[in-house]
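So the structure is just underneath, and the comments pick up after that.
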Ligand code: AMP
């Protein structure tokens, strides 16, 4: 199989490692890719959000499968343009990607499908914002309605801060606070059949102990030893299948990766958000444990043959990834600093570039992820932090508590 991977972040590096490791993959292309991906794929230049350009590249490299990593190309219609050329694409249509692209659309689908989620109002003026904040009370959850790379959400007890964020957003979704540990569940689907991957947990706040601002994600681990038994079956039954059925009913089936972000509350799992693609950095840990060849799985989803795909196989043990972020992230990151210690197995490139002189430099907010597996969470954690300690990047920061509570058995589900 000839595979073209679209994107150039940490998620795509993890996808590239999975795709390159599949014996059915004869050549892997990545566009635009990054210096880490360059070790396992042939890189091509492309504007990833230009549907015609990506489709033309897929034709040029005679791809049998195009895997679209990030949300922006999906929302722009890249999967539609590739499929219009007769090439299977892993990723939803622009219409179906609205499950991620608009929080209001996602809430409409959830309501129609009877999916358990936080009660919410979409507000467009101060008066509506005030009413919604009054009704739900603190902690306040205020979300930008459009794509915001995981950073458009403010959760705060400070009413003035909540009002200020609402003012910045314009069209805003205000919702009930969901208390309980969070789970990310990735589901591979062809629109009808659906296969869940291992649930993972990510760390959204910038600082240790879940302090500081929200980020795109500072680390992740899998599997979740503390998750209630039957959680995945319950989410497939109450969330995933009803959502897929509602999308089919609307004439916009969702095929690709449905990311279900959940809070495990005292009343059971509740959806926090849907995304239309693999999560970053959870992909790094989930794919590190997947034994089933990745390209075959994604090709089955892209060609509507997932029902015939064999059950997924997983490695024993656990995986942990720790993000090394640039100074200033999640605000404006400082870029262009020299990085050393990144050329080791398990170091995933998220925001790097290679200069003409061969030096590796930071080129984004989240720069690298130290990713490791081990026989248990404590061992995987030690190995991931050993990788992080070997990385030198001036001014960088990382959380020191990724997977710590889970490894110590300190996560509990509210009763
Ligand atoms: P989102 O972009 O919707 O995933 O939100 C980012 C983060 O904000 C989530 O991962 C949660 O940590 C938090 N969050 C969002 N919605 C809620 C909610 N209704 N209750 C509690 N926390 C939330």
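Numbering (the numbering used here), first residue to last: 9 to 423. C-beta: ideal position from N, C-alpha, C; glycine also. Owing to the predicted nature of the structure, the values given are computational and were not obtained by experimental measurement.
Can you tell me whether residue 81 is buried or exposed? The criterion is at least 16 other CB atoms within 10 Å of its CB, across all chains shown.
Residue numbering aside, residue 81 sits at position 73 when the chain shown is read from its first letter. By the Cβ neighbour-count rule, residue 81 is buried, with 16 or more other Cβ atoms within 10 Å of its own.
Kindly confirm or deny that the region 182-189 and the region 294-302 touch, where touching means at least three C-beta pairs closer than 8 Å.
Fewer than three pairs of CB atoms, one per stretch, sit closer than 8 Å, so the region 182-189 makes no contact with the region 294-302.
Going by the CB atoms, is the gap between residue 373 and residue 334 shorter than 8 Å?
Counting from one through the chain shown, the residue named residue 334 turns up at place 326. Counting from one through the chain shown, the residue named residue 373 turns up at place 365. Note that the C-beta distance between residue 334 and residue 373 is below 8 Å.
Look at residue 224 and residue 288 and say whether their C-beta atoms are less than 8 Å apart.
Position 216 of the chain shown, counted from the start, is the residue given in the question as residue 224. Position 280 of the chain shown, counted from the start, is the residue given in the question as residue 288. Yes, Cβ-Cβ distance for residue 224 and residue 288 is below 8 Å.
Could you tell me if residue 354 is buried or exposed, where buried requires 16 or more neighbouring beta carbons within 10 angstroms of its beta carbon?
Within the chain shown, the letter at position 346 stands for residue 354. With 16 or more other Cβ atoms within 10 Å, it is buried.
Would you grab the beta carbon distance between residue 283 and residue 79 for me? Rounded to a whole angstrom, and I think it's under 8 Å.
The residue you call residue 283 lines up with position 275 of the chain shown. The residue you call residue 79 lines up with position 71 of the chain shown. That belief holds up - the Cβ atoms of residue 283 and residue 79 are roughly 7 Å apart, short of 8 Å.
Using only the alpha-carbon positions, how far apart do residue 311 and residue 25 sit?
Sequence index remark: in the chain shown, residue 311 carries index 303 (1-based). Sequence index remark: in the chain shown, residue 25 carries index 17 (1-based). Rounded to whole angstroms, residue 311 to residue 25 spans 22 Å at the Cα level.
Under 8 Å: do the region 240-259 and the region 107-126 share three or more Cβ pairs, one atom per stretch?
The region 240-259 vs the region 107-126: in contact.
At 3 residues or longer, what runs of the beta strand (DSSP E) sit wholly inside the region 157-192?
If we require 3 residues or more, the beta strand (DSSP E) runs fully inside the region 157-192 come out as 161-164 and 180-183.
Are the region 194-211 and the region 313-324 in contact at 8 Å, needing three or more beta carbon pairs?
Three or more pairs of CB atoms, one per stretch, sit closer than 8 Å, so the region 194-211 contacts the region 313-324.
Which one of 153, 100 and 34 has the shortest CA to CA distance from residue 71?
To locate residue 71, count along the chain shown from 1; it is residue 63. The shortest C-alpha separation from residue 71 is found at 34.
Spatial distance of residue 1 from residue 265 (CA atoms):
The structure shown does not extend to residue 1, since the chain is modelled only from 9 through 423, so no value can be given for it.
Let me make sure I understand the geometry here. Which of 242, 339 and 42 has the alpha-carbon closest to that of residue 193?
As a position in the chain shown, residue 193 is number 185, starting the count at 1. In terms of CA proximity to residue 193, 242 leads the group 242, 339 and 42.
C-alpha gap between residue 240 and residue 42, whole angstroms
In the chain shown, counting from the first residue as 1, residue 240 sits at position 232. In the chain shown, counting from the first residue as 1, residue 42 sits at position 34. Rounded to whole angstroms, the gap between the alpha carbons of residue 240 and residue 42 is 34 Å.
Using the DSSP secondary-structure output, state which residues sit across from residue 215 in a beta bridge.
Residue 215 sits at position 207 when you count from the first residue of the chain shown. In the DSSP assignment, the residues bridged to residue 215 are 219.
Alpha carbon to alpha carbon, how far is residue 50 from residue 38? Give it in angstroms, no decimals.
In the chain shown, counting from the first residue as 1, residue 38 sits at position 30. In the chain shown, counting from the first residue as 1, residue 50 sits at position 42. Rounded to the nearest angstrom, the two C-alpha atoms are 6 Å apart.
Minimum length 4: unbroken alpha helix (DSSP H) runs contained in the region 70-132
Counting whole runs of 4 or more residues, the region 70-132 contains the alpha helix (DSSP H) stretches 79-84, 86-92, 106-109 and 111-121.
Taking all protein chains shown into account, decide if residue 339 is buried (16 or more other Cβ within 10 angstroms of its Cβ) or exposed.
Taking the chain shown and counting its residues from 1, the one referred to as residue 339 is at position 331. Looking at its Cβ environment, which holds fewer than 16 other Cβ atoms inside 10 Å, residue 339 is exposed.
Applying the 10 Å Cβ sphere with the 16-neighbour rule, what's the burial state of residue 346?
Locating residue 346 in the chain shown gives position 338, where the first residue counts as 1. Within 10 angstroms of the beta-carbon of residue 346 lie fewer than 16 other beta-carbons, which makes it exposed.
Is the region 85-101 touching the region 132-143, taking contact as three or more C-beta pairs under 8 Å?
These segments do not touch.
Using 8 Å as the threshold, is the C-beta distance between residue 76 and residue 191 below it?
For the purposes of this step, residue 76 is taken as residue 68 along the chain shown, with counting starting at 1. For the purposes of this step, residue 191 is taken as residue 183 along the chain shown, with counting starting at 1. Residue 191 sits away from residue 76, with the two beta carbons spaced by 8 Å or more.
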